Amino acid sequence: MLPGLFWLLFFAGDEGSALKMELILFLFLSLVPVYSRGQGVYAPAQAQIIHAGQACVVKEDNISERVYTIREGDTLVLQCLVTGHPRPQVRWTKTAGSASDKFQETSVLNETLRIEKIQRLQGGRYYCKAENGVGVPAIKSIRVDVQYLDEPVLTIHQTISDVRGSFYQEKTVFLRCTVNSNPPARFIWKRGAETLSHSQDNGVDIYEPLYTQGETKVLKLKNLRPQDYASYTCQVSVRNVCSIPDKSITFQLTNTTAPPALKLSVNETLVVNPGDNITMQCSLTGGDPLPEVVWSHSPGPMPPNSLVQGGNLTLWRIRVEDSGYYNCTAINNVGNPAKKMVNLLVRFPPVVEPAFQDMRQGVGRSVTLRCTMLKGSPMKVATSVWRFNGTLLAQPLAEQQDYSELKVDSVSRETSGSYECSISNDVGVSTCLFQVSAKAYSPEFYYDTPNPTLSQKQSKNYSYVLQWTQKEPDAVDPILKYRLEVRQLAQRNTIQTFIPVKKMEKGLLLEHILPNLKVPQSYEVRLTPITSFGAGDMAARIIRYMEPINYPNPTDNTCRFEDEKICGFVQDKMDNFDWTRQNALTQNPKRTVNTGPPTDISGTPEGYYMFIEASRPRVTGDKARLISPLYNITAKYYCVSFYYHMYGKHIGALNLLVRVRNKRAIDTQVWSLSGNRGNMWQQAHVPINPPGPFQIIFEGVRGTSYEGDIAIDDVTLKKGDCPRKPIGPNKAVALPGSGVPAVHSPCLRGPLTFFLYVLLR
1 MLPGLFWLLF
11 FAGDEGSALK
21 MELILFLFLS
31 LVPVYSRGQG
41 VYAPAQAQII
51 HAGQACVVKE
61 DNISERVYTI
71 REGDTLVLQC
81 LVTGHPRPQV
91 RWTKTAGSAS
101 DKFQETSVLN
111 ETLRIEKIQR
121 LQGGRYYCKA
131 ENGVGVPAIK
141 SIRVDVQYLD
151 EPVLTIHQTI
161 SDVRGSFYQE
171 KTVFLRCTVN
181 SNPPARFIWK
191 RGAETLSHSQ
201 DNGVDIYEPL
211 YTQGETKVLK
221 LKNLRPQDYA
231 SYTCQVSVRN
241 VCSIPDKSIT
251 FQLTNTTAPP
261 ALKLSVNETL
271 VVNPGDNITM
281 QCSLTGGDPL
291 PEVVWSHSPG
301 PMPPNSLVQG
311 GNLTLWRIRV
321 EDSGYYNCTA
331 INNVGNPAKK
341 MVNLLVRFPP
351 VVEPAFQDMR
361 QGVGRSVTLR
371 CTMLKGSPMK
381 VATSVWRFNG
391 TLLAQPLAEQ
401 QDYSELKVDS
411 VSRETSGSYE
421 CSISNDVGVS
431 TCLFQVSAKA
441 YSPEFYYDTP
451 NPTLSQKQSK
461 NYSYVLQWTQ
471 KEPDAVDPIL
481 KYRLEVRQLA
491 QRNTIQTFIP
501 VKKMEKGLLL
511 EHILPNLKVP
521 QSYEVRLTPI
531 TSFGAGDMAA
541 RIIRYMEPIN
551 YPNPTDNTCR
561 FEDEKICGFV
571 QDKMDNFDWT
581 RQNALTQNPK
591 RTVNTGPPTD
601 ISGTPEGYYM
611 FIEASRPRVT
621 GDKARLISPL
631 YNITAKYYCV
641 SFYYHMYGKH
651 IGALNLLVRV
661 RNKRAIDTQV
671 WSLSGNRGNM
681 WQQAHVPINP
691 PGPFQIIFEG
701 VRGTSYEGDI
711 AIDDVTLKKG
721 DCPRKPIGPN
731 KAVALPGSGV
741 PAVHSPCLRG
751 PLTFFLYVLL
761 R
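The opening position of the sequence shown corresponds to residue 1 in the working numbering, with each subsequent residue numbered one higher.
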């Protein structure tokens, strides 16, 4: 077969013979190892870079490196030909270019790199890395050299010096020609049709200045003579490389050549009102050749309501955002550009803070209210007016530049209410609003409390443990008690009780049992804190009775992730990325090879499982956390069983945590496993005994690279102890064609173990 393939390529035709020979050599080098090792069809990756774009030339330089020369704007096509089994993955990277050129890796198995209209910053050394897990990766490189020649820029500078005690003056002219190119350009100066050379006479010098940006040649005309007033041409050339033609620029030097000069029709600072129309005239007062006049705005571009006609700039219906610096610039490439600038200030009403502020304070204490101007034009408070519950107050004595203050000496029932401050800057008015009182803030219900807590089915009643914390208890006087109001929904009668409080601290969880609630009725609960000032802000919530979950088959409490609701599990919003639900039919056909399961534990393509994807943009140490619903406990000891799949040379870690819900949430790691465990599903059994309501958390940690996918399936929860003689792992299901490494026992963390009670759906 191998000789036949070579003859087929050799006699395929005359066109592209060099490329065919390259392909033949590459196929020979890549196929020989497969036949020589005698190890079956597995073969390490081999790679070779070929080009198929608009190259000018491909050659070997003096260090035996392949160099691909291309003209800027053409299309670059590089192909990384690979062989090996399994089929290698291909990744392109680039170095030796501009630091600002962020070349991104291509997709997996994208063997062709194509760049349309290549730019000069995209030149550099490109690497093709082919890897299939057999032997070492194959890495090939090629250097891409982008050729270009910009239009040259010609500027004229003149100097006049006194000679022999001001008897007469001598004028010297410098013609500076600058260009950007690759390779470096060659400069030719001409006077009319005559080519000039360095020091061809006493009046001509040609030299390269120091410390210039780009390539520059200067033609110096010393002690200007009548014959020096002529037409001068700067011609630049890259010697037709990549068929780039020569470029040139011409300037007519006369005895009237002069730099530009400007004057403005308005002051350098201009103050206007919103809605005004203004015109700024920028007039030329000198310059030969005739300068070009342009307007610009800083910061940002010229506003859409602007119109430029010659040197005139008109702004229609001026807005606040039109403020800024407007620059008029005149350029004729003689001397330095002439510039004039106008600072446009648009007056606008003040912007103040706070728009609204709730001020709480203990009885008898003072409170200071401040209304601050954040911005405005002019940025100064002209007047401020304070009102209390709509009634005008005496004007504060001292007014500051950008704020106004009012002090309430003693907070009481009489001084509690709404305070309003209106600030003006002579353009408009803005208002701050303050609500002052000694009322306690509202309580905050602890919504993670299980629902219901207690149930007595024989009496058709149930109870609920109401839990709450107090928002900012130290902001006002101490809370003495809570008023509790309970009302059955759809009824008007309310049962009111008072709950005394000895001491309240921030974050302290309070509890109160609501007894004798009727099954299956729901109730509205209102809770109001009371201080010496009186009643504070009320909080309300609805208590709903929920029947225990009944399964069609009570003995089957396994979550197989077949439903999109994934048994009530949710993604942790505080982690780095999410777990993904998929099966063999929905998985990405270009997914990373040599990691992750091909199917779920059942081995059928329809079966679903949860997994973490370790490819980009994931980085080492990223975590994905899958959290179960909150459940109550009804027994002392339980066993959490699940299957895991941890295959790949970059596997990180799989952790099982239990979050116990009491007065605060406590996460405890009860099981952990890391590293490559082979291409198989294996089972773990973890005993736990939680002391209160809880959740379980599956935490996947990304390893050092992309071959680190971790999966879980068939999470089972049973009462009682785990199997007494676990085989670590207790059960392993090898997948077809897998290489199975040595098996290690999972790690149980810490003396304290917890349990999950949940019948997962």
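Glycine is no exception: its CB is placed at the ideal position from the N, C-alpha and C atoms. The structure presented is a predicted model; accordingly, all values stated were derived computationally and were not measured.
Residue i vs residue j beta-carbon contact at 8 angstroms
| i | j | result |
| --- | --- | --- |
| Gln496 | Glu485 | yes |
| Ala258 | Asp288 | yes |
| Gly708 | Gly648 | yes |
| Leu344 | Asp322 | yes |
| Gln695 | Ile651 | no |
| Ile530 | Leu480 | yes |
| Val715 | Ile688 | no |
| Ala138 | Ala55 | no |
| Val342 | Leu270 | yes |
| Ile765 | Leu78 | Residue 765 lies beyond the range of the chain shown here (1 to 761); nothing can be said about it. |
| Asn762 | Leu290 | This structure cannot speak to residue 762, because the chain is shown only from 1 to 761. |
| Lys217 | Phe187 | yes |
| Trp295 | Cys242 | no |
| Cys282 | Lys340 | yes |
| Tyr643 | Asp578 | no |
| Tyr514 | Tyr446 | Here residue 514 turns out to be Leu, not Tyr, going by the sequence shown. No, Cβ-Cβ distance for Leu514 and Tyr446 is not below 8 angstroms. |
Reduced DSSP category for residue i - H, G, I as helix; E, B as strand; rest coil
| i | result |
| --- | --- |
| Pro303 | coil |
| Leu121 | helix |
| Ala475 | helix |
| Ser602 | coil |
| Asp667 | strand |
| Cys559 | strand |
| Pro529 | strand |
| Gly203 | coil |
| Val436 | strand |
| Ser366 | coil |
| Ile495 | strand |
| Leu27 | The pLDDT assigned to Leu27 is 48, lower than 50, so where the model puts this residue is not dependable; a value taken from the coordinates is nonetheless given after this. Residue state, collapsed to three classes: helix. |
| Ile542 | strand |
| Ile566 | helix |
| Ser243 | helix |
| Glu72 | coil |
| Val67 | strand |
Separation of residue j from residue i, as counted between CA atoms
| i | j | result |
| --- | --- | --- |
| Asp145 | Thr233 | 29 angstroms |
| Gly390 | Ile278 | 42 angstroms |
| Gly53 | Thr75 | 6 angstroms |
| Ser430 | Val411 | 26 angstroms |
| Thr383 | Arg319 | 24 angstroms |
| His617 | Arg702 | Residue 617 is actually Pro in this sequence, not His. About 11 angstroms. |
| Asn425 | Gly536 | 38 angstroms |
| Thr586 | Gln491 | 51 angstroms |
| Glu353 | Cys421 | 10 angstroms |
| Asn132 | Leu656 | 32 angstroms |
| Gly603 | Val686 | 24 angstroms |
| Arg487 | Arg541 | 11 angstroms |
Where the beta strand (DSSP E) through residue i begins and ends
| i | result |
| --- | --- |
| Val134 | Element bounds for Val134: n/a, residue is neither H nor E. |
| Asn576 | Careful: Asn576 lies outside any beta strand (DSSP E) and carries neither H nor E. |
| Met646 | 638-646 |
| Ile688 | 680-688 |
| Ala258 | 258-264 |
| Ile697 | 694-701 |
Other residues of its chain near residue i: CB distance less than 6 angstroms, five sequence neighbours each side excluded
| i | result |
| --- | --- |
| Met359 | Val367, Phe434, Val436 |
| Asn182 | Gln147, Tyr148 |
| Lys565 | none |
| Ala475 | Arg360 |
| Val385 | Ser422 |
Contacting residues, own chain, Cβ-Cβ under 7 angstroms from residue i (five flanking each side not counted)
| i | result |
| --- | --- |
| Gly203 | Leu221, Lys222, Asn223, Arg225, Asp228 |
| Gly417 | Phe388, Asn389, Val436 |
| Phe754 | With a pLDDT of 32 at Phe754, under the threshold of 50, the modelled position of that residue is not reliable, and no figure is offered here. |
Nonlocal neighbours in the same chain, by C-beta distance under 8 angstroms from residue i, ignoring five residues either side
| i | result |
| --- | --- |
| Pro718 | Reading off the sequence shown, one finds Lys at residue 718, where the question assumed Pro. Excluding positions up to five away in sequence, the list reads Asn557, Tyr638, Cys639, Ser641. |
| Glu444 | Trp468, Thr469, Gln470, Lys471, Ala539 |
| Leu196 | Trp189, Lys190, Val204, Ile206, Leu219 |
| Leu517 | Pro452, Asn461, Tyr462, Ser463, Tyr464, Tyr523, Ile543, Tyr545 |
| Val619 | Arg702 |
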